[in-house]
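*Asks:* Quick one: this structure, given as structure tokens, is what I'll be asking you about.
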Amino acid sequence: MIAPALALIAVFFLLPYANMLLMSFFVPAKSGPYEPVLTLGNYAAALGDPFQWQVLARTLKLGFLTTAITLVLGYPLAWNLARASGRLKGALLVLLLSPLLVGVVIRSFGWMVLLADNGLVNSVLRASGLIPEGAKLMYNELGVLVGTVHIYLPFMVLSISGALEHIAPDLELAARSLGASSARAFWRIVFPLSLPGVFAGCLLVFVLAVSSYVIPVLLGGFKVLTTPLLVVQTAIDVNNWPGAAAQAVVLFAASLGCIGLYFMLMNRAMRGLRG
Numbered sequence: 003m004i005a006p007a008l009a010l011i012a013v014f015f016l017l018p019y020a021n022m023l024l025m026s027f028f029v030p031a032k033s034g035p036y037e038p039v040l041t042l043g044n045y046a047a048a049l050g051d052p053f054q055w056q057v058l059a060r061t062l063k064l065g066f067l068t069t070a071i072t073l074v075l076g077y078p079l080a081w082n083l084a085r086a087s088g089r090l091k092g093a094l095l096v097l098l099l100s101p102l103l104v105g106v107v108i109r110s111f112g113w114m115v116l117l118a119d120n121g122l123v124n125s126v127l128r129a130s131g132l133i134p135e136g137a138k139l140m141y142n143e144l145g146v147l148v149g150t151v152h153i154y155l156p157f158m159v160l161s162i163s164g165a166l167e168h169i170a171p172d173l174e175l176a177a178r179s180l181g182a183s184s185a186r187a188f189w190r191i192v193f194p195l196s197l198p199g200v201f202a203g204c205l206l207v208f209v210l211a212v213s214s215y216v217i218p219v220l221l222g223g224f225k226v227l228t229t230p231l232l233v234v235q236t237a238i239d240v241n242n243w244p245g246a247a248a249q250a251v252v253l254f255a256a257s258l259g260c261i262g263l264y265f266m267l268m269n270r271a272m273r274g275l276r277g
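If you want it as structure tokens, here you go:
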């Protein structure tokens, strides 16, 4: 029963990655994607170019910021969703999941209308004096963050609410009956038990954010260059597929490094909370 699933994973996931890794060591060709001549020049260009390091740093920064903001916004939403029942819970689920029925392109276009210079959000903030005249809410990192947070927030909420639903409310009530305050009961009991959901949500949102292409294109307007955009430009505009593959491998390795660091920090945090 497991063999067909493993075969699908190998065909649709492992083989493309293996092909990309292999192509990153080949020489670009004028008449095709590459020539089967081994070289390390693609990685020398990707790792030796300060501009590409700046793009990678911006990509990771946007990923971290998106993850942090969705965590701060998503945990209270997940708490209310997990503690709701009956029709209220169904309504909350509909509100949370209904945006997922609309494609990323359509939702990004919606934010383009709202964040435009004469859009609703910009006009209201400017009229209330919260932003100065001429302030831009789009075609910058702020606009990209707004889009990524809105689009990936449901994934964080669902991951955390799934963990919270497995925590018996009686545990919190027992702690409060023994004299613990609501805040102490939350931080000592509920939050440590919900860390697996927090970890899953952060991991999912971070991976989606750093690999996002449509949102930076539409809300960044090619003024916020991230590694996925750079990969596409290198492959399509420059016709350097091996160079693009090397850039993608570097992003993959950097993301794995960040995920490994997050694993380590989470393990330390869980040991500290349990100790």
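Per my numbering, the very first residue in the sequence shown carries number 3; after that it's consecutive.
From the three backbone atoms N, C-alpha and C, an ideal C-beta is built for every residue, glycine too.
What you are looking at is a predicted structure, and each value in this text was computed from that prediction instead of being measured.
Does Tyr36 come out as helix, strand or coil in the three-state DSSP assignment?
*Replies:* As a working note, residue 36 is residue 34 in the sequence shown. Note: Tyr36 maps to strand in three-state DSSP.
*Asks:* What did DSSP end up calling Pro134 once you bin it into helix, strand or coil?
*Replies:* Within the sequence shown, the letter at position 132 stands for residue 134. Pro134: coil per DSSP, three-state reduction.
*Asks:* Determine, using beta carbons only, whether Leu99 and Ala86 come nearer to each other than 9 Å.
*Replies:* For the purposes of this step, residue 99 is identified with residue 97 of the sequence shown, where counting begins at 1. For the purposes of this step, residue 86 is identified with residue 84 of the sequence shown, where counting begins at 1. No; because the gap between Cβ atoms is not below 9 Å, this pair is not in contact.
*Asks:* Just the C-alpha distance for Leu258 and Ala250, rounded to the nearest angstrom, thanks.
*Replies:* Within the sequence shown, the letter at position 256 stands for residue 258. Within the sequence shown, the letter at position 248 stands for residue 250. Approximately 12 Å, taken between the alpha carbons.
*Asks:* Sort Gly149, Ala165, Pro230, Gly43 by Cα distance to Ala84 and report the nearest one.
*Replies:* For the purposes of this step, residue 84 is taken as the residue at position 82 of the sequence shown. Nearest of Gly149, Ala165, Pro230, Gly43 to Ala84, Cα basis: Ala165.
*Asks:* Nearest to Leu49 by CA position, among Ser110, Gly245, Leu267, is which residue?
*Replies:* Here residue 49 refers to the residue found at position 47 of the sequence shown. Residue Gly245 is the option with its Cα nearest to Leu49.
*Asks:* In or out: Gly105 buried (at least 16 other Cβ within 10 Å) or exposed?
*Replies:* Translated into positions along the sequence shown, residue 105 becomes position 103. Per the 10 Å Cβ criterion, exposed.
*Asks:* Can you give me the start and stop residues for the alpha helix (DSSP H) that Thr69 sits inside?
*Replies:* In the sequence shown, the residue the question calls residue 69 occupies position 67. 52–85 is the extent of the alpha helix (DSSP H) around Thr69.
*Asks:* When the distance is taken between beta carbons, is Tyr154 closer than 9 Å to Val207?
*Replies:* Numbered from its first residue, the sequence shown carries residue 207 at position 205. Numbered from its first residue, the sequence shown carries residue 154 at position 152. Yes, the pair counts as a contact, with Cβ atoms nearer than the cut-off.
*Asks:* Would you kindly report the start and end of the unbroken alpha helix (DSSP H) that includes Phe208?
*Replies:* The sequence position of residue 208 within the sequence shown is 206, counting from 1. Residues 193–212.
*Asks:* In chain order, which continuous runs of the alpha helix (DSSP H) of length 4 or greater are located wholly inside the region 157–185?
*Replies:* If we require 4 residues or more, the alpha helix (DSSP H) runs fully inside the region 157–185 come out as 171–179.
*Asks:* Over the uninterrupted alpha helix (DSSP H) stretch that includes Ser100, give me the two end residues.
*Replies:* As a first step, residue 100 must be located in the sequence shown, where it is residue number 98. Run containing Ser100: none; DSSP gives neither H nor E here.
*Asks:* Here's a check: name, in chain order, each residue in its chain whose Cβ is nearer than 6 Å to the Cβ of Met268, leaving out the five neighbours to either side.
*Replies:* The residue labelled residue 268 in the question sits at position 266 within the sequence shown. For Met268, where only same-chain residues beyond five positions count, the Cβ hits under 6 Å are Phe201.
*Asks:* Within its chain, find whatever has a CB closer than 8 Å to the CB of Leu205; leave out the 5 residues flanking it on each side and keep chain order.
*Replies:* Looking up residue 205 in the sequence shown gives position 203. Taken in chain order, the residues that qualify are Ile261, Tyr264.
*Asks:* Tell me which residue opens and which closes the alpha helix (DSSP H) that Ala129 is part of.
*Replies:* In the sequence shown, residue 129 corresponds to position 127, counting from 1. Counting along the chain, the alpha helix (DSSP H) containing Ala129 begins and ends at 122–129.
*Asks:* Between Val212 and Pro218, which are expected to be in contact by the criterion C-beta below 8 Å, what is the C-beta distance as a whole number of angstroms?
*Replies:* The residue given as residue 212 occupies position 210 in the sequence shown. The residue given as residue 218 occupies position 216 in the sequence shown. Val212 to Pro218, Cβ: 11 Å. No contact.
*Asks:* For the region 223–240 against the region 49–59, are there 3 or more C-beta pairs whose distance is under 8 Å?
*Replies:* Counting Cβ pairs under 8 Å, three or more are found: they touch.
*Asks:* Nearest to Val107 by alpha carbon, out of Val233, Met266, Val240, Leu220?
*Replies:* Taking the sequence shown and counting its residues from 1, one reaches residue 107 at position 105. Selected option, being the one with the closest Cα: Leu220.
*Asks:* As a quick exercise: from Met272, Leu116, Asn124, pick the residue whose alpha carbon is nearest that of Pro134.
*Replies:* Position 132 of the sequence shown, counting from 1, holds the residue named residue 134. Of the listed residues, the one whose Cα sits closest to Pro134 is Asn124.
*Asks:* At the level of alpha carbons, what is the spacing between Ala9 and Thr68?
*Replies:* The residue given as residue 9 occupies position 7 in the sequence shown. The residue given as residue 68 occupies position 66 in the sequence shown. Answer to the nearest angstrom: the Cα atoms are 34 Å apart.
*Asks:* Please state if the CB of Ala177 and the CB of Ala187 are separated by a distance shorter than 9 Å.
*Replies:* Here residue 187 refers to the residue found at position 185 when the sequence shown is read from its first residue. Here residue 177 refers to the residue found at position 175 when the sequence shown is read from its first residue. Their beta carbons are under 9 Å apart, which means Ala187 touches Ala177 by this criterion.
*Asks:* Residues in the same chain with beta-carbon distance under 8 Å from His152, minus the five sequence neighbours each way, listed in chain order, please.
*Replies:* What you label residue 152 is simply residue 150 of the sequence shown in a count that begins at 1. Pro101, Arg109, Trp113, listed in sequence order.
*Asks:* Counting Cβ pairs closer than 8 Å, one from the region 15–29 and one from the region 231–242, do we hit at least three?
*Replies:* Not touching, per the Cβ criterion.
*Asks:* Go through its chain and collect everything with a Cβ distance to Ala248's Cβ below 6 Å, but skip five positions before and after it.
*Replies:* Within the sequence shown, residue 248 is the residue found at index 246, counting from 1. Ser26, Asn44, Tyr45, Ala48, listed in sequence order.
*Asks:* Judging by CA-CA distance, which residue of His168, Pro52, Val209, Leu175 is the nearest neighbour of Leu195?
*Replies:* Taking the first residue of the sequence shown as position 1, residue 195 is located at position 193. Of His168, Pro52, Val209, Leu175, the residue nearest in Cα terms is His168.
*Asks:* Taking 9 Å as the cut-off, decide whether the C-beta atoms of Gly76 and Ile191 are in contact.
*Replies:* Taking the sequence shown and counting its residues from 1, one reaches residue 76 at position 74. Taking the sequence shown and counting its residues from 1, one reaches residue 191 at position 189. Cβ distance not < 9 Å, so Gly76 and Ile191 don't count as in contact.
*Asks:* Can you give me the Cβ contacts of Met158 inside the same chain, cut-off strictly under 7 Å, excluding the 5 residues immediately before and after it?
*Replies:* By 1-based counting over the sequence shown, the position of residue 158 is 156. Closer than 7 Å at Cβ, skipping near neighbours: Thr72, Leu73, Gly76, Gly203, Val207.
*Asks:* Hey, Leu62 and Ala256: beta-carbon distance below 9 Å or not?
*Replies:* Residue 62 sits at position 60 when you count from the first residue of the sequence shown. Residue 256 sits at position 254 when you count from the first residue of the sequence shown. Yes, these two residues count as a Cβ contact at 9 Å.
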